[in-house]
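Protein chains in written order, with my numbering: chain A, 1 to 365; chain B, 1001 to 1365; chain C, 2001 to 2365; chain D, 3001 to 3365; chain E, 4001 to 4365.
Glycine residues also receive a C-beta, built at the ideal position from the N, C-alpha and C atoms.
First up is the structure itself, then whatever we jot down about it.
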Amino acid sequence: MKTPHLLKSLSFGKLLPRFSGSTGSSPGTISYVGKKREERVKINLIDYNAEELIEKNLTDSHQALAYKDRESVTWLNITGVHNTKIIEEVGNKFGLHPLILEDITNTTQRPKIDDYDDYLFIVLKMSYFDKENKNIIVEQVSLIINEEYVISFQERAADILEPLRERIRNNKGKIRKQGTDYLAYAIIDSIVDHYFTILEQLGEEIEDIEEALIINATPQILNHIYKLKRELIFLRKSIWPMREVVSNMQRGDYPMIKKATIIFLRDAYDHTIQVVETIETFRDMVSGMLDLYLSNVSNRMNEVMKVLTIFASIFIPLTFIAGVYGMNFEHMPELKWPWGYGFIWLVMISVAVSLLMYFKKKKWL
Amino acid sequence: MKTPHLLKSLSFGKLLPRFSGSTGSSPGTISYVGKKREERVKINLIDYNAEELIEKNLTDSHQALAYKDRESVTWLNITGVHNTKIIEEVGNKFGLHPLILEDITNTTQRPKIDDYDDYLFIVLKMSYFDKENKNIIVEQVSLIINEEYVISFQERAADILEPLRERIRNNKGKIRKQGTDYLAYAIIDSIVDHYFTILEQLGEEIEDIEEALIINATPQILNHIYKLKRELIFLRKSIWPMREVVSNMQRGDYPMIKKATIIFLRDAYDHTIQVVETIETFRDMVSGMLDLYLSNVSNRMNEVMKVLTIFASIFIPLTFIAGVYGMNFEHMPELKWPWGYGFIWLVMISVAVSLLMYFKKKKWL
Amino acid sequence: MKTPHLLKSLSFGKLLPRFSGSTGSSPGTISYVGKKREERVKINLIDYNAEELIEKNLTDSHQALAYKDRESVTWLNITGVHNTKIIEEVGNKFGLHPLILEDITNTTQRPKIDDYDDYLFIVLKMSYFDKENKNIIVEQVSLIINEEYVISFQERAADILEPLRERIRNNKGKIRKQGTDYLAYAIIDSIVDHYFTILEQLGEEIEDIEEALIINATPQILNHIYKLKRELIFLRKSIWPMREVVSNMQRGDYPMIKKATIIFLRDAYDHTIQVVETIETFRDMVSGMLDLYLSNVSNRMNEVMKVLTIFASIFIPLTFIAGVYGMNFEHMPELKWPWGYGFIWLVMISVAVSLLMYFKKKKWL
Amino acid sequence: MKTPHLLKSLSFGKLLPRFSGSTGSSPGTISYVGKKREERVKINLIDYNAEELIEKNLTDSHQALAYKDRESVTWLNITGVHNTKIIEEVGNKFGLHPLILEDITNTTQRPKIDDYDDYLFIVLKMSYFDKENKNIIVEQVSLIINEEYVISFQERAADILEPLRERIRNNKGKIRKQGTDYLAYAIIDSIVDHYFTILEQLGEEIEDIEEALIINATPQILNHIYKLKRELIFLRKSIWPMREVVSNMQRGDYPMIKKATIIFLRDAYDHTIQVVETIETFRDMVSGMLDLYLSNVSNRMNEVMKVLTIFASIFIPLTFIAGVYGMNFEHMPELKWPWGYGFIWLVMISVAVSLLMYFKKKKWL
Amino acid sequence: MKTPHLLKSLSFGKLLPRFSGSTGSSPGTISYVGKKREERVKINLIDYNAEELIEKNLTDSHQALAYKDRESVTWLNITGVHNTKIIEEVGNKFGLHPLILEDITNTTQRPKIDDYDDYLFIVLKMSYFDKENKNIIVEQVSLIINEEYVISFQERAADILEPLRERIRNNKGKIRKQGTDYLAYAIIDSIVDHYFTILEQLGEEIEDIEEALIINATPQILNHIYKLKRELIFLRKSIWPMREVVSNMQRGDYPMIKKATIIFLRDAYDHTIQVVETIETFRDMVSGMLDLYLSNVSNRMNEVMKVLTIFASIFIPLTFIAGVYGMNFEHMPELKWPWGYGFIWLVMISVAVSLLMYFKKKKWL
């Protein structure tokens, strides 16, 4: 019972957010729901086409409007949704529905895709491993997609999308030649693929626990199994509705998404399914490990019981015999026999030996 | 086994109502099914449009008819369905089908939506936390929706809808500019969102139990886990069919519900799904906690067994040795040896030490 | 292990009927499958319209034909299907398909609805509580519905349909103004609603067991839980396919059923769903109770173990000490010390006290 | 642990056939997969219409061709599929697809229906109770159905279809007036109905085990429960896909099957569903019995523990007291008291009595 | 706890591959994901029609192009996908989409079928038993199918497809007369059928464990059960999506696949379902075996407990009696009785006998 910190290492508050902030208020009310944060909101703009690329950190979302109508893909990335004023401003400038703004700031949303005719609104869950606290962090990413721009909102400056930005900057792959739909795909793909990193981490933990289980089933392992189970429950809750989102996009219901991109989305969909199935597999394995743990515990109990039983069963009769000849009766003929003492040792040894043989036969030894 | 009140604190009778009141009677018979109540029935009327607002407490449902045909939204809220006469009166005045009246007074209904051409009939389950008795209360709310009015029936004067009324009074948000369909949406949204408050409460209980489990797994915790499990079963039973109700409304099958409202209903549907999924997640976690509890109990039993085995296994052989030299045989040469007593202590100490080493090797110490 | 009768009180034979009677015989062969019965078959006829009502106990099904073609609803109720000759006679007179007659007498049928163009054939399972034997009885009710008559077959004279007959006799509600489809609905509704009575009974049993579990988990409770589980399995098996039957009827596929009745069937369908869901909830609760029981048993075992361990661990070392000074060595200096005896008591008391403190620290006391 | 034969009595090899015979060979290769058999293949021919009946045991399938085109129903039944040469011959003469022949001889097929335009090919699983070895035997029956003939292949001469043949011979029921589709139905019906015999057998076993469980939960019962579970798994595997087969036939997709027969197939479908549901119910019950068994075992362990604890806790302190006054200190004043011995008995009796009262209070006695 | 190697014998790394290789890189990036390999890539070409057959081992994929447009079926088999350069070359020469090349080299793909208009891309999982390491190996096979050629990629030179090549070489069956669609079918069929070999192996293991369980439930068996469970989880994960792939092919959506081949694919589909169902059956059985194991362990514990209780309960009272008459009180009248010693033996024997009888009655002996 020494390592409660093992279990506590997963910050529960993050996975089970406080919902109640918005209860009772008018629909469309923008109020941040999540951990208190103080960081400044970062607004990053990348505007590119096959030839050119402009990248800027804006101080005001107002500056983005200039890029909106250019013949290029505009990617506005806003890091930090706790400053509701900035979100509201963006909303006004780009003409977003109040419900969308509510969903962006309320980071307890379920992944979903909503079609608002002029633009698509997508909510995703990005998950990554926080090496400092040894936690899995699940964060909300919201996307607004239009033929001209993509606006993405994230809670913190996680570096999951950085490789994608690098690819844009260095003109790697075909991304610079494609439209906003491909950019949206690339973001989704990055997020989905990052789940594999988490799964690899968990896979290694599972291997470690399996090995540890066979050597010695300590209570700490049990807490570890419980922690794993809990993490898988929450990962599953994040990825399961994303499957639906990607499936909808890849089905071709949205005219904004071109056929060339759909082939890629189909690939992203395959990856999502793979994540879902691996999580299910891991859950099956974790439940198998729990069975293994419990049986190990009862095997150990059994062993302890056997030792106790063997000791007690052999020595209790012997002690009784010794007790008999420790009695103080005046007339106990055996006590006077010259070979009495030797004979009694013989009796005791043969009792012990026959009991040992009996236990041997029962395979307790 | 000291705190049976823990479990009893959840009033079972409420969650498992007596159904039999209406068995055998003619369909459409209006009979109240639920706890006996004495409070007076309260009839509250709010009639509003973008400019005006009239709010009144009526003594007779008859007075409501005057407002029905005005160019405004009329919201008639009836608190208390145990007075079947008043319900019948309302039914007659607004031309409601007898089956509806039966469903309103029989508060064991399952959430559902029925289309009666002239009006929609919706049954919902509202749940809130009763701070006095530390109970979750599940209550039935019935709605009649027409293009001109909304009639709502609740069992008790829970203040869940009060923030909504405030919004209407203060003309906050867009509600005063919208029709009855939006009012109906706003009521449903308030009810669904209140489930999050309950879930937050339960989430905290789960965190508390998890912490307690790691420190010490007492039988009280078990009862608490059982109580949680039971509450989740009943919450799930309430919210699951509401998912269907909101889904049907948002699908656009009812001409009464305008397109602008459907976007909001889609949002309410997302919230309902989120409630459902969080309940499922909690159930998974609670079942995980039960496993953790049971393993803790067997770990503890194992520890107790080990202590017993160590004590018994060490002292039983020693007692035997002492017993041997307590025998009264006349010819026991050892007894006469001058160093006999010291030697026997040596033997006993070495037996004890080697047993301790054996247990150390077995990792029992 | 004292009350096996608890479990046996549920007559197993009834719930698991002998199927084999009809195996191998020609399809359409009419052979009674069920408990041997001796009672005379009762043929009851009610013929009514809004104005008139004729009720007769017939001695021969032949007499029913006279009423068949009148401008009224004819309800022929046959109690007892073990007399296959009478069933065959009815079949011939009303032109029923041989497979129907087979299904009526073979009371192991699954609830279903079959459309034979001229009439509908419905099989239902009626369940009621047999107060004498404290059993749940599940019985088959078969209905033949035509625009002119309803023929119902039941196994025994259960009084579930009696309130319905009363309503017809007293012209209560709208039944006398409606056709055979409404009568069929009224029969189905009576049967479905009676499940609520059973569920209420079981709900009370669950409450009782829950309370008993917290006070003392005896093996009898386990048998009771098992009995409950078993009853729920069989109730579920009865009601589940009835959901399908009522759903089909309410969907409007059968021209015989008028639109006005469909609204009522929709209501009956809601009730059926409610029964199904309550059974599921009960099953969840019963499985929760089993967990509670098992944990209680291991808690108790744990407590027993602790008492044993405390007693053994304290007195075994003390007995050893006493044993040492019971040895008969000639040279045992301690024995001659004037304060030896007092000193040894001191040693023993301090051993006992420190062990007690150790157990206190381990929270075993 | 005395009756391993209980479990072994179910021949595992039969239920889990060797698949590998055909791996790697060309599709359509006819190779027998199953137990080695030596019996001669029996070819039985029945050719009938309403007036005439010819029945013959053929030595060569060639003789059957003469009957094929007559205005009558020809039923060719081949018992024994291990002689692949005969199967191939039949295949050639009746123009069957090589894949069909492969499926007939590979008796590990899953029940299915394939439409080969000219004929239907149906694979079924027939199950019966082998009284000699107390086994459930599952055997493959393949049917080829055409407007003119039915060819059936079975593995062994089980007498399940004998009553059907009797009915044809004696012109019982309507079978002689119907076509091949009705004959096919009659065969399927016979096979499905025979499952009820098995289920009745298993139902009785369940009742026996339930009774035995309450009296005494021996390890043999556990093996019996395991055997039951295993049999239900395999029965379910046989009947589940047959549900699909019969459902397809009764849906009217095959022009070969006339409307009059479809009514009968609907009935057979109902029976199949009933078998499936009864198996599910049995599985639920068996899993309930396992819980009951496990709890009984831990109850018993609890009882054993209590006896041990009571004995040990009472006598260990008494033995200690006796040990104290067995010490040989020179100065032990109590030993010289005239009433010392009587007094010490009093002390010991009161210790014993108060411990007994303590255990009584704890409800251990 | 002696055989951890039992569990470790299944190479975990293979079943749970490292996914992260490709995370963050551009979609369509070809990077090998899997175990490091050094073997040379083998390129095998078979070009055949009904008359001719050419078989060659190529050194460069370039040489294959010459055969592509001939009036024959060209089968290019590439063993080893770790050399990404060769894969890229093939991709360029045959005009394959970059996503395909990524999927071929990333061997963690889920089985799937993608239609790229010009060709079909199929990913399969081939599984076979590695006799050396007693492992189940799951390997990825990718197929490109066109009207003119089939390109297959495998990870290692497993000999599963060798019998198929033999059939082509020897012109056995109809394969030489068919097109590429039949070749693709033949490959899929070979792979699916090989699962039966694995299942047979596992079936034998299950039989062995069942037998071992009844004789003696050692902890090694538990590890074996766990290993089995784990293998079934991974087999299921491989075959489950293959069901979908074959189902899609057999549904006739792809014009490339001719009607004659569809009949064969339907057969392959039946086999796939059979594999899936057998795996499910095995999983059910394995979970039953786990129950059996756990109950055996607790039965054994029970038996140990009984022996302990019987020994302790009989000898502890006897030792107490002996202890009483070992006390050194001066006035103990019994000690002076001439028959005192004999009498006390009588008392002790009768205590022992009555306790034995009590245990007999309790059925502990």
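Short Cβ contact (8 Å threshold) for residue i with residue j
i	j	result
residue 3187 of chain D	residue 3142 of chain D	no
residue 4308 of chain E	residue 3318 of chain D	no
residue 298 of chain A	residue 355 of chain A	no
residue 2201 of chain C	residue 1110 of chain B	no
residue 1126 of chain B	residue 1158 of chain B	yes
residue 1285 of chain B	residue 233 of chain A	yes
residue 107 of chain A	residue 145 of chain A	no
residue 3027 of chain D	residue 4264 of chain E	yes
residue 1043 of chain B	residue 1057 of chain B	yes
residue 1129 of chain B	residue 1079 of chain B	no
residue 1154 of chain B	residue 1132 of chain B	no
residue 4295 of chain E	residue 3099 of chain D	no
residue 4088 of chain E	residue 4101 of chain E	yes
residue 1185 of chain B	residue 1268 of chain B	yes
residue 3120 of chain D	residue 2222 of chain C	no
Continuous beta strand (DSSP E) stretch holding residue i: start and end
i	result
residue 4044 of chain E	4042-4048
For residue i, the residue or residues it bridges with in DSSP
i	result
residue 3077 of chain D	D:3044 and D:3152
residue 4128 of chain E	E:4137
residue 1114 of chain B	B:1121
residue 2053 of chain C	C:2048
residue 58 of chain A	A:43
residue 4142 of chain E	E:4123 and E:4153
N- and C-terminal bounds of the alpha helix (DSSP H) containing residue i
i	result
residue 3259 of chain D	3259-3324
residue 1340 of chain B	1340-1361
residue 3182 of chain D	3180-3215
residue 3219 of chain D	3219-3250
residue 963 of chain B	The requested residue 963 of chain B does not occur in the structure, where chain B is confined to residues 1001 to 1365.
residue 4175 of chain E	Residue 4175 of chain E -> no alpha helix (DSSP H), and no H or E assigned at all.
Residue i CB to nearest heavy atom of the ligand MG below 7 Å
i	result
residue 1206 of chain B	No copy of the ligand MG appears in this structure; indeed no ligand is present at all.
Pairs of beta-carbons, one from the stretch 3051-3070 of chain D and one from the stretch 3088-3096 of chain D, closer than 8 Å: are there three or more?
The stretch 3051-3070 of chain D and the stretch 3088-3096 of chain D touch, with no fewer than 3 CB-CB distances between them shorter than 8 Å.
Quick one: any contact between the stretch 1277-1293 of chain B and the stretch 2260-2277 of chain C, if contact means 3 or more CB pairs under 8 Å?
no
Decide yes or no for the touch test of the stretch 327-343 of chain A against the stretch 4321-4340 of chain E: beta carbon pairs closer than 8 Å, at least 3 of them.
yes
Report yes or no: do three or more beta-carbon pairs, one from the stretch 2165-2173 of chain C and one from the stretch 2231-2248 of chain C, lie closer than 8 Å?
Output reads no: the stretch 2231-2248 of chain C does not touch the stretch 2165-2173 of chain C.
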